[in-house]
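*Asks:* Below: one structure in structure tokens.
Numbering (this note's numbering), first residue to last: 719 to 808.
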């Protein structure tokens, strides 16, 4: 690696590439399955409920209101209950 003609970004990219190649050689590479929402139990109603829960969490992070964690916790429990109920019905 010649440093005379390279800037910091180029050096970083080259070092990063070397590290990734060494890790791949030492540890191997395995494709992972992407977690998708295409399971049989996944429905639009559940999707909306999860979206509502995520929005409540974001609101809690932004506002820091005392009611927000309570609302989020309630929605989180509701989502978990619904997923369990739907999976048990299958």
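Glycine is no exception: its CB is placed at the ideal position from the N, C-alpha and C atoms.
According to the neighbour-count rule (16 or more other Cβ atoms, all chains shown, within 10 Å of its Cβ), is residue 727 buried or exposed?
*Replies:* Here residue 727 is taken as the residue at index 9 of the chain shown, counted from 1. By the neighbour-count rule (16 or more Cβ atoms within 10 Å), residue 727 is not buried but exposed.
*Asks:* For residue 806, which three-state DSSP category applies?
*Replies:* Along the chain shown, read from residue 1 onward, the residue named residue 806 stands at position 88. Helix at residue 806.
*Asks:* Identify the continuous alpha helix (DSSP H) that holds residue 732 and give its terminal residues.
*Replies:* Residue numbering aside, residue 732 sits at position 14 when the chain shown is read from its first letter. Element bounds for residue 732: 726 to 745.
*Asks:* Going straight from the alpha carbon of residue 738 to that of residue 724, what length do you get?
*Replies:* As a working note, residue 738 is residue 20 in the chain shown. As a working note, residue 724 is residue 6 in the chain shown. Each residue's Cα considered, the two are about 20 Å apart.
*Asks:* Between 757, 730, 731 and 733, which has its C-alpha nearest residue 808's C-alpha?
*Replies:* Here residue 808 refers to the residue found at position 90 of the chain shown. Residue 757 is the option with its Cα nearest to residue 808.
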